[in-house]
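So the mapping is simple: this note's numbering equals the position in the sequence shown, first residue as 1, plus 7.
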Amino acid sequence: MPLKLILPEQVKALEDLGVTVYYLNNPLTFAELYDQVKLVGQLTGHEEEANVLAETLSARVDAVTEAVSSVTEIPTVFYELDGTDPSKPWTTGAGTFMDTMITMAGGTNIGGVLSEQYAQISVEEIVLQNPDFIILGDALYGVTIESIAERAGWADFDRRARK
Numbered sequence: 008m009p010l011k012l013i014l015p016e017q018v019k020a021l022e023d024l025g026v027t028v029y030y031l032n033n034p035l036t037f038a039e040l041y042d043q044v045k046l047v048g049q050l051t052g053h054e055e056e057a058n059v060l061a062e063t064l065s066a067r068v069d070a071v072t073e074a075v076s077s078v079t080e081i082p083t084v085f086y087e088l089d090g091t092d093p094s095k096p097w098t099t100g101a102g103t104f105m106d107t108m109i110t111m112a113g114g115t116n117i118g119g120v121l122s123e124q125y126a127q128i129s130v131e132e133i134v135l136q137n138p139d140f141i142i143l144g145d146a147l148y149g150v151t152i153e154s155i156a157e158r159a160g161w162a163d164f165d166r167r168a169r170k
């Protein structure tokens, strides 16, 4: 089940105020992403620019897919979506767009074993999975490589973190 960040009653409240609302679900595939980029271009009067952007994104994805096609070592990846509770950060599971991106880039998402698309995972499970890479999806909110190293249980394993 996709994560619902916008509730129907929120949409109705905006519509009741006379605001036209277009709601797009989080894409689950790159094809859905490209379609949404094009739709936003149509809605905003920037159809040509949106088509160019979708084509550019597609070419970049194809280039990454080609670049990793011969890689034999598949790294494990932990994607931190929200570390508000550092003992059980939120991550993305199987069937999410982030899971798709990690897989297409040649990795394995350690959150892929979770029963939900968006779920909390314990530090113990993260350490047990021993990911090769930790990606901080919450870096824009002040989470840093240094701050996660200070978390209980996190300093004991060697990581190559990327922002």
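A virtual CB, placed ideally from N, CA and C, is assigned to each residue, including glycine. Please read all numbers here as calculations on a predicted model, not as lab measurements.
Buried versus exposed, by CB contacts within 10 Å (16 or more), residue i
i      : result
Asn32  : exposed
Asp92  : exposed
Val150 : buried
Gln124 : buried
Thr107 : buried
Val44  : buried
Thr72  : exposed
Tyr148 : exposed
Ala61  : buried
Thr51  : exposed
Gly90  : buried
Leu24  : exposed
Gln17  : exposed
Thr27  : exposed
Ala70  : exposed
Under the three-state DSSP convention, the category residue i falls into
i      : result
Ile142 : strand
Met8   : Note that Met8 scores 41 on pLDDT, short of 50, meaning its location in the model is unreliable; the coordinates nonetheless yield the value given after this. Reduced to three states, the DSSP call for Met8 is coil.
Leu88  : strand
Thr115 : strand
Gln136 : helix
Ala159 : coil
Arg169 : With a pLDDT of 47 at Arg169, under the threshold of 50, the predicted position of this residue should be treated as unreliable, and no value is reported.
Member of the options whose CA lies at the smallest distance from the CA of residue i
i      : options                      : result
Ser129 : Arg158, Gly144, Ser154       : Arg158
Val39  : Pro15, Ser65, Asp89          : Just to set this straight, residue 39 is Glu in the shown sequence, not Val. With distances taken between Cα atoms, Glu39 lies closest to Ser65.
Tyr30  : Ile13, Tyr41, Phe37, Asp42   : Ile13
Ile81  : Asp89, Ala70, Thr110, His53  : Thr110
Thr79  : Ala70, Ala112, Leu50         : Ala112
Trp161 : Ile133, Phe37, Ala146, Gly25 : Ile133
Val59  : Leu50, Tyr41, Ala70          : Tyr41
Phe37  : Val120, Arg67, Val47, Leu21  : Arg67
Glu131 : Ser94, Glu54, Leu35          : Ser94
Phe104 : Gly48, Val120, Leu35         : Leu35
Min CB distance residue i to chain D below 8 Å
i      : result
Ser129 : The question asks about chain D, but that chain is absent: this structure has only one protein chain.
If we count Cβ pairs, one from each stretch, closer than 8 Å, do we get three or more for the region 135–143 versus the region 71–86?
-> Remark: three or more beta-carbon pairs, one from each stretch, lie closer than 8 Å, so the region 135–143 and the region 71–86 are flagged as touching.
Inter-stretch contact at 8 Å, needing at least 3 Cβ pairs: the region 93–107 / the region 116–125 | The answer is yes - the region 116–125 touches the region 93–107, with three or more Cβ pairs under 8 Å.
Taking the runs of the beta strand (DSSP E) that are 3 residues or longer, which of them lie wholly in the region 17–101?
-> For the region 17–101, whole beta strand (DSSP E) runs of length 3 or above, ordered along the chain, are 83–89, 97–99.
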